[in-house]
Amino acid sequence: MRNNRGFTLIELVIAMALFIVVIMISASAFESILKTSGRLISSEESNIEGVVGLEMFRHDLMQMGFGLPASFLITPTYSEAAAGPDGLNDSPSGVPRPVVSRENYSAYGDYLAVKGSSVGNNAAAQKWTYMRYSSTTAKARVWPRGDENLDTEHDRVVILDRSFSKDGKMASTMVNATEDDWKGYLPNSVSPVDKTQIYYIYGVNKNNDLRMPFNRADYYVKRPVQASSVPAWCASNVGILYKGTVNHSDGQFTENPLVDCVADMQVVFGWDVAGTGVIDESSAYDSDAAKISVSGTATPAEIKAIMENPDEVRSRLKYVKIYIMAQDGPKDLNFTNSSKIVVGDVESLVSSYTVAALTAKGWLNYRWKIYRLVVRPKNLTGN
28 MRNNRGFTLI ELVIAMALFI VVIMISASAF ESILKTSGRL ISSEESNIEG
78 VVGLEMFRHD LMQMGFGLPA SFLITPTYSE AAAGPDGLND SPSGVPRPVV
128 SRENYSAYGD YLAVKGSSVG NNAAAQKWTY MRYSSTTAKA RVWPRGDENL
178 DTEHDRVVIL DRSFSKDGKM ASTMVNATED DWKGYLPNSV SPVDKTQIYY
228 IYGVNKNNDL RMPFNRADYY VKRPVQASSV PAWCASNVGI LYKGTVNHSD
278 GQFTENPLVD CVADMQVVFG WDVAGTGVID ESSAYDSDAA KISVSGTATP
328 AEIKAIMENP DEVRSRLKYV KIYIMAQDGP KDLNFTNSSK IVVGDVESLV
378 SSYTVAALTA KGWLNYRWKI YRLVVRPKNL TGN
């Protein structure tokens with residue numbers, strides 16, 4: 028016989044209790060999923076951002092020395108950066124060094140300056156051509172694609188006579204050495220004088236007269252003056268990795284942020300000090316020899332002497348390594364760093380962060396990622 032009796036109060040209470048427990052478990056699981064997915068999304072955003080920004084960095088490292096004079100037919104007078112650390116400029120008339128740095132320049136680590144025609148942020152800087160000797164009127168090579176050709180009315184260029192010396196080394200002599208030559212595209216007085224010469228023409232800047240016969244891009248980490256420029260999920264006491272391009276108009280920097288939430292950047296140079304073709308030294312660099320750390324047998328004074336001589340840099344520099352410690356996702360109270368973080372390859376030479384140091388900076392509950400760039404500059408004679 029069918030039972031028409033309803034539910035008792037106790038049965039309803041038990042059913043409601045079970046329902047509430049299920050809802051609470053589901054809500055807790057959903058909250059956990061949201062937190063995990065949010066952390067993963069932030070982590071992937073930082074990874075994508077890091078890849079894009081660091082590829083720009085890698086490009087400029089590869090381009091150091093490209094279109095850069097190694098000597099002058101007539102010594103020019105030029106200006107360089109009006110901002111940034113001291114000791115990075117080669118002005119007013121020095122042959123430019125392809126790369127120069129400062130060791131632990133700020134609380135965020137090292138400072139790096141890269142020089143070459145193609146590190147500029149303008150269309151002209153990405154163009155080049157060449158000119159052969161002609162018994163009539165020498166003309167520059169015209170590329171099939173129009174957008175690859177230099178603008179003869181607006182682009183400012185440097186012209187290098189690239190030839191081999193008696194000892195087999197490549198010499199890159201700038202032949203348009205006066206300010207008047209820089210203001211135009213190709214002065215009539217500049218052309219190869221015989222069949223053995225080929226002049227290479229490198230775009231540097233568009234429209235504005237050149238402040239210096241090359242471009243310069245500086246890489247550094249700093250915390251912006253405006254707090255709103257730093258993402259809210261970044262840890263305290265971290266900065267942003269910037270590329271600062273020196274303006275030809277005033278010597279100031281045009282800054283482009285590359286990677287957010289950066290704690291440290293370290294630069295390591297690999298050298299062939301003995302001149303045997305073998306990498307026998309890795310070091311930092313600073314104009315103050317007391318700040319130069321070495322891992323081999325070379326002395327800080329030897330590294331300083333090499334780094335201050337453009338020819339020595341070109342022939343002895345074998346690689347540049349960049350280490351960047353960047354935040355990997357937002358703060359996670361369920362995560363605690365338990366090991367030391369080393370920024371570099373040899374612990375004795377580089378920055379390291381112990382658990383105590385991470386705690387002091389408020390970084391203990393953040394995940395950190397070490398990005399590493401290793402570049403062999405192909406525009407230097409040593410490579």
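Under this note's numbering, the letters of the sequence shown match residues 28 to 410, in that order. All residues carry an ideal CB built from backbone N, CA and C; glycine is no exception.
Query raised in the report: What did DSSP end up calling Ile397 once you bin it into helix, strand or coil?
Result: Here Ile397 sits in strand by DSSP.
Query raised in the report: How should Trp170 be labelled, buried or exposed, when 16 other C-beta atoms within 10 angstroms of its C-beta is the threshold for buried?
Result: So Trp170 counts as exposed.
Query - Ile333 - containing alpha helix (DSSP H), residue span - result: Counting along the chain, Ile333 sits inside the alpha helix (DSSP H) bounded by residues Pro327 to Met334.
Query raised in the report: Tyr398: buried (16+ other C-beta within 10 angstroms of its C-beta) or exposed?
Result: The residue in question, Tyr398, is buried, as its Cβ has 16 or more Cβ neighbours within 10 Å.
**Report entry** the ligand PLP heavy atom lying under 7 angstroms from the CB of Met83
**Finding:** The model on display carries no ligand, and the ligand PLP is accordingly not part of it.
Query raised in the report: Can you tell me whether DSSP reads Lys345 as helix, strand or coil?
Result: In the three-state reduction of the DSSP assignment, Lys345 falls in the strand class.
Query raised in the report: What separation, rounded to the nearest whole angstrom, lies between the Cα atoms of Pro125 and Ser310?
Result: As the crow flies, the alpha-carbon of Pro125 is around 17 angstroms from that of Ser310.
Query raised in the report: Taking just the CA atoms, how far does Arg238 sit from Tyr105?
Result: Computed Cα separation, rounded: 6 angstroms.
Query raised in the report: Which class does Ser314 belong to by DSSP, given the choice of helix, strand or coil?
Result: Residue state, collapsed to three classes: coil.
Query raised in the report: Does the beta-carbon distance from Tyr157 to Ile101 come in below 8 angstroms?
Result: Taking 8 angstroms as the cut-off, the Cβ atoms of Tyr157 and Ile101 do not count as close.
Query raised in the report: Whose C-beta lies closer than 6 angstroms to the C-beta of Tyr227 among residues of the same chain, with five residues either side of it excluded?
Result: Excluding residues within five positions, the ones whose Cβ falls inside 6 angstroms are Tyr157, Leu187 and Arg189.
Report task. Tell me, please, whether the stretch 318-334 touches the stretch 276-293 by the rule of three or more beta-carbon pairs shorter than 8 angstroms. Result -> In short, these stretches do not touch, since the Cβ pair count stays below three.
Query raised in the report: Is DSSP giving Val402 helix, strand or coil here?
Result: Of the three classes helix, strand and coil, the one that applies to Val402 here is strand, per DSSP.
Query raised in the report: According to the neighbour-count rule (16 or more other Cβ atoms, all chains shown, within 10 Å of its Cβ), is Glu175 buried or exposed?
Result: Classification of Glu175: exposed, given that the 10 Å Cβ count is below 16.
Report task. Could you say which of Leu268, Arg250, Ser162 and Thr272 lies nearest to Asn232 if we only look at CA atoms? Result -> The closest CA to that of Asn232, considering only Leu268, Arg250, Ser162 and Thr272, is found on Thr272.
Query raised in the report: So what does Trp298 bridge to, in DSSP terms?
Result: The secondary-structure analysis by DSSP pairs Trp298 across a beta bridge with Glu308 and Leu344.
Query raised in the report: Lys142: buried (16+ other C-beta within 10 angstroms of its C-beta) or exposed?
Result: Label assigned to Lys142: buried.
Query raised in the report: With distances taken from CA atoms, which of Ala110, Leu95, Gly114 and Ser118 is nearest Pro103?
Result: Comparing C-alpha distances from Pro103 to each of Ala110, Leu95, Gly114 and Ser118 shows the shortest one belongs to Ser118.
Query raised in the report: Expressed to the nearest angstrom, what Euclidean distance is found between the alpha-carbon atoms of Asn361 and Leu385?
Result: Their backbone Cα atoms lie some 16 angstroms apart in a straight line.
Query raised in the report: Comparing alpha-carbon positions, which option in Asp87, Val295, Gly304 and Ala259 lies nearest Ser322?
Result: When C-alpha distances from Ser322 are compared across Asp87, Val295, Gly304 and Ala259, the shortest belongs to Val295.
Query raised in the report: Looking at the unbroken beta strand (DSSP E) that takes in Thr156, where does it start and where does it end?
Result: That run of the beta strand (DSSP E) goes Trp155 to Arg159.
Query raised in the report: Which residues in the same chain have their Cβ closer than 7 angstroms to the Cβ of Ala150, if we skip the five residues on either side of it in sequence?
Result: Excluding its 5 nearest sequence neighbours in each direction, Ala150 has C-beta neighbours in its own chain below 7 angstroms: Lys233, listed in chain order.
Query - Ala387 - containing alpha helix (DSSP H), residue span - result: Looking at the DSSP string, the run of the alpha helix (DSSP H) that includes Ala387 is Val382 to Lys388.
**Report entry** Within the stretch 245-303, ranges of the beta strand (DSSP E) (whole runs, at least 3 residues)
**Finding:** 266-273 and 280-298, all fully within the stretch 245-303.
Query raised in the report: Three or more C-beta pairs closer than 8 angstroms, one from the stretch 302-319 and one from the stretch 81-91: is that the case here?
Result: Too few Cβ pairs lie closer than 8 angstroms, so no.
**Report entry** Residue ranges of each alpha helix (DSSP H) within the stretch 100-156, 4 or longer
**Finding:** Correct list: empty.
Query raised in the report: What's the gap between the Cα of Asp245 and the Cα of Met91?
Result: Using only the alpha carbons, I get a separation of about 12 angstroms.
**Report entry** Top-ranked residue by Cα proximity to Leu407, from Val369, Lys166, Pro337 and Lys348
**Finding:** Of Val369, Lys166, Pro337 and Lys348, the residue nearest in Cα terms is Pro337.
Query raised in the report: Going by the CB atoms, is the gap between Ser128 and Tyr312 shorter than 8 angstroms?
Result: One thing to note: Tyr312 has its Cβ within 8 angstroms of the Cβ of Ser128.
**Report entry** Inter-residue spacing [alpha-carbon to alpha-carbon] between Lys358 and Asn264
**Finding:** The alpha-carbon atoms of Lys358 and Asn264 are separated by roughly 14 angstroms.
Query raised in the report: Taking Val347 as the reference, which of Tyr229, Met201 and His86 has the closest Cα?
Result: Put simply, of Tyr229, Met201 and His86 the residue whose alpha carbon is nearest the alpha carbon of Val347 is His86.
Requested in this report: Give the secondary structure of Gln90 by DSSP, where H, G and I count as helix, E and B as strand, and everything else as coil.
Outcome: Look at Gln90 here: in three-state DSSP terms it is helix.
Requested in this report: Could you spell out where the beta strand (DSSP E) holding Asn232 opens and where it closes?
Outcome: Taken as a continuous stretch (DSSP letters only), the beta strand (DSSP E) holding Asn232 covers Ile225 to Lys233.
Query raised in the report: Of the residues Leu400, Val382 and Trp390, which one's Cα is nearest the Cα of Asp372?
Result: Selected option, being the one with the closest Cα: Leu400.
**Report entry** Minimum C-alpha distance to Phe280 - residue among Ser314, Asn148 and Val40
**Finding:** Per the Cα distances, Asn148.
Requested in this report: Please check the pair Ala165 and Arg159, which I expect to be a contact at CB under 8 angstroms, by giving their CB distance rounded to whole angstroms.
Outcome: Right, their Cβ atoms sit about 7 angstroms apart.
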